[in-house]
Every structure is written in structure tokens, then in C-alpha cells.
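S.K.: Okay, here's the structure, questions in a sec.
Numbering (UniProt numbering), first residue to last: 1 to 615.
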């Protein structure tokens, strides 16, 4: 028997049981910034590290950090001391595996749990096909990964495929293709491969104080891997302690299994007794569904970037935004489910709350909110991945978020001006309503304008196209100015959309700019997005949040907006990304529908300029 250990914080025992056992490192409280010696680490054996792909960081931040470090004459001496104390390796001590080296052998538990599964993409063209697919997946309790207007991704056991195909109409018998040939390997590759001598917490602390170590920047370490709760939560405390003037760690409640649900509030703190202390707040939530790891890393990345940039002369826009607005980041709304993906099942979706069926725990948090909850009309079997529970707000974490948000508005003089709900995958910016396609939201034009601005910010950052759609699922008819039917599109989603957090914040809490953003990718890896995507996805989301901030500053009269300017509200157009650059840099993750939407944003630009002139 053998034991494989992936990370300096998490040891994953794969002997026989097919389960991961996560061991918590003793948490250490740091009384001040200078006590580096408190971060001494345990020694653990690890797999040979796999060198990650290079990540592009925020250029102004890198430049600023370099200038700060150059003014510290003792940084080299500090490097030597740190290396002696912690035995931190030099630059060339750990080298990535060469392409000629064989991949690490998969533990037996990965083969046992995932080796017989495959992810299939079905191309769906009609409403009848969508209905048939929905009925067949419900009958067999299959795991629906994602669905858009044109396709549905389904995880299914290989030996069940013939039976499943037999339940479908003949038009779907050959309208599918496999997305992942080795699901077990894809799952395995999402877990950390950092050396035990590399500490993301240590790197964050040293670099934030102008130090230069062989560990690199915090982006190089903390965001080169997905991080478990045992690393993420101490990291949030560390960030809050390093920037007490504008960062505050919150606990909004506890999960069904008693874990804290932490949040990080960023913003210039008002003086006590200030009559103008109303807190206009943006709320960013990740980790609603446990397996969507990229949403958690992205939320943490945006929070860290804003926290470290506030007050620096190179980031005037960040300072202005946080001077006038608070931003609350909830990286993991579903800590129980997230922990379960690290210890037992990487593809778990729901929370871990007990249900009427002891062998089928868990409720889908994004079906549990009170507004237009329709649990009886959706999956009523606790074994279903989209089980909404027997009543609204039965899911503990949904109840916690609801109560905290209401308390903020009723007792803490908070006005939520925007809500961003981060998910994966499919690269979409979705606006209300989610529960129905028959009713348009009252401020539809503003929602469309802001959503297009967010999508354009994503595209201009790294060249990845994000579609803009209503979050509802069903038949949508698009019309031209004269009312003539222009196009009818069937949105395929074999699950109910009632009881969503998006609709709750938009309707019940009157958050005028509420969006659900589905991050990378479009299905090549799905929920198992490679770690090399963490940084670029975070950068894209950062630019989108800053674009939203510029819109809010202009809309509140804090910053003037030129009505004839680009509809992305001043996003700097660096260099337009060409098709050749996308094809050359994205490999197998090339956006599959870039050409299909050619000219889509250009048409919206004209429409948005027309709306602004009309105002």
C-alpha cells in the first residue's frame, strides 16, 4: 500500500477506502505583522511537484511591487535568514516534471470512483429533444454538468450509455460526443502539487511587506493551486490583519455541519457618528456549489487584488471605488460541500445537510431561496443533485445568507447596489429573472447594458468570449423594432430555476444590478478546470468588477461618464485580441462559439450608445 500526499496542509489518504482524509494544520494567531517565526510548518512528504504554466499578473501591481522591493536594502539578507530558518529551497531546487517524464500513477480510489464515468455533450436543437433529455436524465438520476442554448453536458457511467440512448428520440442517438476520455485523471489533476516547503501563507505575508523571497509573489503560490478550507480561512484572516484600515473579516453564520461561513469586507471605514455612514455595498459570492472550485479562487483573487491595491498611487481607481463603496466577498458559501470535495468526492454539488433519506444528504443552495421557490415542481427526490428541499430556506447556508443580508439592510444601514453570484462553467453573464422567461425585469435595459460591459471586460482581458443572456430557461423569442419575430431560441436546462439567489437579491432585496456569472470554460474541462486557469480567470473577474465599479461611480454622480464613450465605461483598450492569438494561446480550450457570435458585441455597442443619447 502507498500513501500519496499532495499539499503541505492536506494529506490525502487513499489507502483502500477510496476517501480523502484531510488533516488540519494547527492554526496560529499572529499578534502582529513582524512575527514571521509563527509560520513554521510541519514536514510532509509530497508528490514530485509539477511546474504550472506561467500566469500573467496585473502589470501595474507587479511594477509597483518591484519599485517597493528595490528600496529595501536588507531584502537579500532577509531571504538568507528565512531560507535558513525554514530550509526554503533555492530557485532551482524544485524543477517541474519534464514532458518526457511519465505522469504520476493514479491512486486506486480515483479509478474506483471515476474510472467508469464519461462526460457526454448532447447537441439539442428542439424543445421536444430538450424535454426528452430532461425526462431521461431525471429517470436515471444522472449528473447534469451544464446546459446552454445549444448543448447539455451529462456525466454518465459508460455501461449506462446504451440504456440512456435508448430512452431518447432517434434524432439524439448520434447527436453527442465525449468531452472527457479520462475523468479520473482530470479529477486527480485539480488537487494541489505544491512542495511541502512552499507556503502560500508565508509568501503572502513576506511579499505584502515588501520582501523578496524565492517563493515568489502571493499570486505565484496561493493562486497557482486550488486551496482547501484549512488554507483559505487562515489566508483570509491574514489578509484582514495586514490591512486593518480597509479590510474586515466577517462571520456571517455557520453551515449545517457547524463550519463558519467567512466573508471579507473591503472599504474605507466611516468615522463613528458620521451621519453619512450609509454603506452602499457590492456583494460577491462564490462556492455556492461545492465542485465549482474556480468560483472560490476567483472570489479570493479579486478580494486580494483590491485589498493590496487600495491606497497605492498606481491604483487610484481602486482607492476611489473603496472610498465610496463597500465590497463584501463570500468566497465559500457552502463550506461543508467544499470540504467534502477535498475529502471524499471532487464532483459533489450540494451542501451536506441531512434529508429525509439518510443515504442521500444535501440540498441545492441555489434552489432554496424563498422567492418563487418551486421545490415541488422540480426534483423532489433527495438523491437528485438539484434537490430544493421540502420547503424554502430549509438549506442552512441559504438561510444564513438571507438573514445576514436582511440584517445588514435593516439594522446596519446597508444598501446593496449590486450582487455578483460566481459559478462555473459556460462563460456566461446572466441577469434576472431565473424562474421564468415570461416576465421581463423592470430595469431590463440597465441590466443588459451592465451585463454587456461585464462581458466585454472579460473578453478584453484575455480574449475569452462571455455570452449575455437571461438566466431563465425555456423558449425565448427575440424581436426586432417593429415587433417582427427575429429569432426563437430554446434554452435547454433540465432543472428548475425557481428559488435562486439571483432572483431573491434582485426582487426581495431590491438589488438593481444582480448577475450570475458562469466562469471558464465552455466544456473542455468543465468543473475540473486546470490550475493554470486560476490566475487568468481571476484577472478577468477583477477587470469586470472594476468596470462595474466605474459604472456605479458614474451612476451615483461621483464620476462623470461621457455618453459617447465606449459602453464598457472607460475600460482601457490595450491591444485587441486577434483570432490568431486566441487560436495560438488557448489550445484545446478555444472558445467554441466565438465565430457564431461574431459582431454580437458590436451591435450592442451601437444600441447602448443610442440608449445613452436618449437619456
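Yeah, the Cβ is synthetic: ideal placement off N, Cα and C, and Gly gets one too.
This one's a predicted model, so the numbers in the text were calculated from it and none came from an experiment.
Assuming residue 154 and residue 137 are in contact, meaning their beta carbons sit under 8 Å apart, how far apart are those beta carbons, in whole angstroms?
M.R.: If you number the chain shown from 1, residue 154 lands on position 154. If you number the chain shown from 1, residue 137 lands on position 137. The Cβ separation is near 6 Å, so the contact holds.
S.K.: Going by DSSP, what residues sit across from residue 469 in a beta bridge?
M.R.: For the purposes of this step, residue 469 is identified with residue 469 of the chain shown, where counting begins at 1. DSSP lists 430 as partners of residue 469.
S.K.: Run the CB neighbour count on residue 156, radius 10 Å, all protein chains shown included, and call it buried at 16 or more, exposed below.
M.R.: On the chain shown, residue 156 is found 156 positions in, with the first residue counted as 1. Buried, by the Cβ-count rule.
S.K.: For residue 620, which residues in the same chain have their Cβ closer than 6 Å to its Cβ, ignoring the five residues on either side in sequence?
M.R.: In this structure the chain extends from 1 to 615, so residue 620 is not present and cannot be described.
S.K.: DSSP has residue 151 in a bridge; who is on the other side?
M.R.: What you label residue 151 is simply residue 151 of the chain shown in a count that begins at 1. Beta-bridge pairing links residue 151 to 123.
S.K.: Using DSSP with H/G/I as helix, E/B as strand and the rest coil, what is residue 293?
M.R.: Here the question's residue 293 lines up with position 293 in the chain shown. Three-state DSSP puts residue 293 in a helix.
S.K.: What distance in whole Å lies between the Cβ atoms of residue 287 and residue 333, which are believed to be in contact at a cut-off of 8 Å?
M.R.: Taking the first residue of the chain shown as position 1, residue 333 is located at position 333. Taking the first residue of the chain shown as position 1, residue 287 is located at position 287. Going by Cβ atoms, the distance from residue 333 to residue 287 rounds to 5 Å, so yes, they are a contact pair.
S.K.: Since residue 527 and residue 291 should fall inside the 8 Å C-beta cutoff, what is the C-beta to C-beta distance between them, to a whole number of angstroms?
M.R.: For the purposes of this step, residue 527 is taken as the residue at position 527 of the chain shown. For the purposes of this step, residue 291 is taken as the residue at position 291 of the chain shown. Between residue 291 and residue 527 the Cβ distance is about 5 Å, and since that is below 8 Å, they are a contact.
S.K.: Taking DSSP as the reference, what is the three-state secondary structure of residue 308?
M.R.: The count along the chain shown starts at 1 and reaches residue 308 at position 308. DSSP places residue 308 in helix when its eight states are reduced to three.
S.K.: Exposed or buried, which one is residue 244 when buried takes at least 16 other CB atoms within 10 Å?
M.R.: Within the chain shown, the letter at position 244 stands for residue 244. So residue 244 ends up on the exposed side.
S.K.: Which of the three DSSP states, helix, strand or coil, is assigned to residue 525?
M.R.: For this step, residue 525 is matched to residue 525 along the chain shown. In the structure shown, residue 525 sits in coil (DSSP, three-state: anything other than H, G, I, E or B).
S.K.: Pick out whichever of 223, 507, 541 and 165 has its Cα sitting closest to the Cα of residue 191.
M.R.: Here residue 191 corresponds to residue number 191 of the chain shown, with the count starting at 1. Of 223, 507, 541 and 165, the residue nearest in Cα terms is 223.
S.K.: In the DSSP assignment, what are the bridge partners of residue 180?
M.R.: Your numbering for residue 180 matches position 180 in the chain shown. BP columns for residue 180 point to 119.
S.K.: Any idea what DSSP makes of residue 388, helix, strand or coil?
M.R.: Mapped onto the chain shown, residue 388 falls at position 388. Reduced to three states, the DSSP call for residue 388 is coil.
S.K.: Give a yes or no on contact between the region 440-447 and the region 400-410, applying the rule of three or more CB pairs nearer than 8 Å.
M.R.: Too few Cβ pairs lie closer than 8 Å, so no.
S.K.: Give a yes or no on whether the C-beta atoms belonging to residue 516 and residue 430 are separated by under 7 Å.
M.R.: Residue mapping note: residue 516 aligns to position 516 of the chain shown, counting from 1. Residue mapping note: residue 430 aligns to position 430 of the chain shown, counting from 1. In this structure, residue 430 lies closer than 7 Å to residue 516 by Cβ.
S.K.: When you compare the CB positions of residue 176 and residue 142, do they come within less than 7 Å of one another, or not?
M.R.: Numbered from its first residue, the chain shown carries residue 176 at position 176. Numbered from its first residue, the chain shown carries residue 142 at position 142. The answer is no: Cβ separation not under 7 Å.
S.K.: Please name the residue or residues paired with residue 416 in a DSSP beta bridge.
M.R.: For this step, residue 416 is matched to residue 416 along the chain shown. Note: residue 416 sits in a beta bridge opposite 281.
S.K.: Is it the case that the region 254-268 contacts the region 322-340, given that we only count it when at least three CB pairs across the two stretches are under 8 Å?
M.R.: yes
S.K.: Grab the span of the beta strand (DSSP E) containing residue 330 for me, first residue to last.
M.R.: If you number the chain shown from 1, residue 330 lands on position 330. For residue 330, the uninterrupted beta strand (DSSP E) segment begins and ends at 326-330.
S.K.: From the DSSP output, in three-state form, read off residue 145 for me.
M.R.: As a working mapping, residue 145 is identified with position 145 in the chain shown. Reduced to three states, the DSSP call for residue 145 is strand.
S.K.: Identify every residue that forms a DSSP beta bridge with residue 440.
M.R.: Taking the chain shown and counting its residues from 1, the one referred to as residue 440 is at position 440. In the DSSP output, where bridge partners are listed per residue, residue 440 has none listed.
S.K.: Could you compute how far the alpha carbon of residue 337 sits from the alpha carbon of residue 111?
M.R.: In the chain shown, residue 337 corresponds to position 337, counting from 1. In the chain shown, residue 111 corresponds to position 111, counting from 1. For residue 337 and residue 111, the distance between alpha carbons rounds to 22 Å.
S.K.: How would you label residue 350, buried or exposed, when you count the other beta carbons within 10 angstroms and need 16 or more for buried?
M.R.: As a position in the chain shown, residue 350 is number 350, starting the count at 1. Per the 10 Å Cβ criterion, buried.
S.K.: Considering only DSSP beta bridges, list what residue 265 is partnered with.
M.R.: Taking the first residue of the chain shown as 1, we reach residue 265 at position 265. Its beta-bridge partners are 248 and 328.
S.K.: Can you tell me whether residue 407 is buried or exposed, with buried defined as 16 or more other CB within 10 angstroms of its CB?
M.R.: For this step, residue 407 is matched to residue 407 along the chain shown. So residue 407 counts as exposed.
S.K.: Are the beta-carbon atoms belonging to residue 538 and residue 298 less than 7 Å from one another?
M.R.: Taking the chain shown and counting its residues from 1, one reaches residue 538 at position 538. Taking the chain shown and counting its residues from 1, one reaches residue 298 at position 298. Going by C-beta atoms, residue 538 is nearer than 7 Å to residue 298.
S.K.: For residue 354, is the classification buried or exposed, using 16 other Cβ atoms within 10 angstroms of its Cβ as the cut-off for buried?
M.R.: The residue you call residue 354 lines up with position 354 of the chain shown. So residue 354 ends up on the exposed side.
S.K.: Comparing alpha-carbon positions, which option in 146, 454 and 508 lies nearest residue 423?
M.R.: Within the chain shown, residue 423 is the residue found at index 423, counting from 1. The residue with the shortest Cα to Cα distance from residue 423 is 146.
S.K.: Considering only their Cβ atoms, is the gap separating residue 427 from residue 387 smaller than 7 Å?
M.R.: On the chain shown, residue 387 is found 387 positions in, with the first residue counted as 1. On the chain shown, residue 427 is found 427 positions in, with the first residue counted as 1. Not closer than 7 Å, so no.
S.K.: Going by the CB atoms, is the gap between residue 321 and residue 554 shorter than 7 Å?
M.R.: For the purposes of this step, residue 554 is identified with residue 554 of the chain shown, where counting begins at 1. For the purposes of this step, residue 321 is identified with residue 321 of the chain shown, where counting begins at 1. No. Outside cutoff.
S.K.: According to the neighbour-count rule (16 or more other Cβ atoms, all chains shown, within 10 Å of its Cβ), is residue 362 buried or exposed?
M.R.: Numbered from 1 along the chain shown, position 362 holds the residue referred to as residue 362. Buried.
S.K.: Starting from the Cα of residue 256, find the closest Cα among 105, 396, 158 and 113 and give me that residue.
M.R.: Against the chain shown, residue 256 aligns to sequence position 256. The residue with the shortest Cα to Cα distance from residue 256 is 396.
S.K.: Taking all protein chains shown into account, do 16 or more other C-beta atoms lie within 10 angstroms of the C-beta of residue 135, making it buried, or fewer, making it exposed?
M.R.: Here the question's residue 135 lines up with position 135 in the chain shown. That one is exposed.
S.K.: Give me the Cβ distance between residue 368 and residue 394, rounded to the nearest whole Å; I'm assuming they're in contact under 8 Å.
M.R.: As a first step, residue 368 is located in the chain shown; it is residue number 368 there, counting from the start. As a first step, residue 394 is located in the chain shown; it is residue number 394 there, counting from the start. About 6 Å separates the two Cβ atoms, so the contact holds.
S.K.: Return the bridge partner residues of residue 515 from the DSSP annotation.
M.R.: Taking the first residue of the chain shown as 1, we reach residue 515 at position 515. In DSSP, residue 515 forms a bridge with 420.
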